[in-house]
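K.L.:
In the UniProt record's numbering, the protein residues as written are 1 to 191.
(1) Can you tell me which of the three DSSP states residue 36 falls into?
(2) What is the DSSP secondary structure of residue 188, counted as helix, strand or coil?
(3) Among 27, 112, 15, 108, which one has its Cα closest to the Cα of residue 145?
(4) Exposed or buried, which one is residue 169 when buried takes at least 16 other CB atoms within 10 Å?
(5) If you run the structure through DSSP and keep just helix, strand and coil, what is residue 89?
(6) What three-state label does DSSP hand residue 140 in the structure shown?
(7) When the distance is taken between beta carbons, is residue 32 closer than 9 Å to residue 46?
(8) Check for me: the beta strand (DSSP E) holding residue 105 runs from which residue to which?
(9) Compute the Euclidean distance between the alpha carbons of residue 185 and residue 64, then round it to the nearest angstrom.
(10) Take every Cβ of the region 39 to 59, pair it with every Cβ of the region 94 to 102, and state whether three or more of those distances are shorter than 8 Å.
(11) Can you have a look at residue 71 and say buried or exposed, based on whether 16 or more other CB atoms are within 10 angstroms of its CB?
(12) Report yes if the C-beta distance between residue 19 and residue 77 is below 9 Å; otherwise report no.
(13) List the residues that DSSP assigns as beta-bridge partners of residue 23.
(14) Are the beta-carbon atoms belonging to residue 138 and residue 110 less than 9 Å from one another?
(15) Please name the residue or residues paired with residue 60 in a DSSP beta bridge.
(16) Please confirm whether residue 182 and residue 173 have their CB atoms less than 9 Å apart.
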């Protein structure tokens with residue numbers, strides 16, 4: 001397993017014509033995304049930032065990479081690779097149209113259960129432009145590896161359509177005196 005391989009890939013809007021591509025690697029890399037409108041032909045490239053976090057000194061995240069690409073054309077399929085041209089895995093997404101109607105899918109409280117997979121299966125059958133997740137993403141509730149499980153579970157959909165998420169009470173993960181920062185995992189993983 002190549003430690004540079006992209007894991008937990010997901011995308012989100014950054015303004016009207018840009019997209020944030022986020023993914024995790026086991027090691028620090030140059031966070032680069034190559035992309036284009038033809039599969040296998042990446043005429044554009046963008047660099048971004050990488051971060052990681054500790055939680056209670058018992059969990060260390062992988063390298064969380066964020067790259068903003070664009071400007072992008074509306075209603076267009078883009079093909080991309082996370083990590084640059086050395087990456088073997090190609091992903092793709094379709095930008096929403098520039099005018100209405102825009103189709104939204106909305107679900108909250110996804111978690112990481114067999115019901116989560118059922119919900120994702122239903123979502124995959126419905127053609128939508130944007131997915132909105134209004135809080136309570138993974139239900140990690142302090143158990144940080146659950147965030148990794150959630151990221152892998154949603155990658156097939158979250159890498160193909162923008163996921164616009166907000167934090168809920170299950171993302172707080174603050175423990176007085178032990179971990180004083182709220183929303184640590186959420187803020188690093190789902191900017």
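Even for Gly, the Cβ is constructed at its ideal location relative to N, Cα and C. From a predicted model like this one, the values you see are computed outputs, not experimental measurements.
P.N.:
Looking at the coordinates:
(1) Here the question's residue 36 lines up with position 36 in the chain shown. Correct three-state label for residue 36: strand.
(2) Numbered from its first residue, the chain shown carries residue 188 at position 188. Reduced to three states, the DSSP call for residue 188 is helix.
(3) By 1-based counting over the chain shown, the position of residue 145 is 145. For the residues 27, 112, 15, 108, the minimum Cα distance to residue 145 belongs to 112.
(4) Stepping through the chain shown from its first residue, residue 169 is reached at position 169. The residue is exposed, with fewer than 16 neighbouring Cβ atoms inside 10 Å.
(5) Looking up residue 89 in the chain shown gives position 89. Looking at residue 89 - three-state DSSP - the assignment turns out to be coil, as it is neither helix nor strand.
(6) Locating residue 140 in the chain shown gives position 140, counting from the first residue. Coil, per DSSP.
(7) Here residue 46 refers to the residue found at position 46 of the chain shown. Here residue 32 refers to the residue found at position 32 of the chain shown. Closer than 9 Å, so yes.
(8) The residue given as residue 105 occupies position 105 in the chain shown. Unbroken beta strand (DSSP E) run through residue 105: 104 to 106.
(9) Here residue 185 refers to the residue found at position 185 of the chain shown. Here residue 64 refers to the residue found at position 64 of the chain shown. Annotation: residue 185 to residue 64 spans about 10 Å, alpha carbon to alpha carbon.
(10) no
(11) Taking the first residue of the chain shown as 1, we reach residue 71 at position 71. Under this definition residue 71 is an exposed residue.
(12) As a working mapping, residue 19 is identified with position 19 in the chain shown. As a working mapping, residue 77 is identified with position 77 in the chain shown. Going by C-beta atoms, residue 19 is not nearer than 9 Å to residue 77.
(13) Numbered from 1 along the chain shown, position 23 holds the residue referred to as residue 23. Secondary-structure assignment with DSSP links residue 23 through a beta bridge to 65.
(14) Your numbering for residue 138 matches position 138 in the chain shown. Your numbering for residue 110 matches position 110 in the chain shown. With contacts defined as CB atoms closer than 9 Å, residue 138 and residue 110 qualify as a contacting pair.
(15) Taking the chain shown and counting its residues from 1, one reaches residue 60 at position 60. BP columns for residue 60 point to 54.
(16) Along the chain shown, read from residue 1 onward, the residue named residue 182 stands at position 182. Along the chain shown, read from residue 1 onward, the residue named residue 173 stands at position 173. Yes, the pair counts as a contact, with Cβ atoms nearer than the cut-off.
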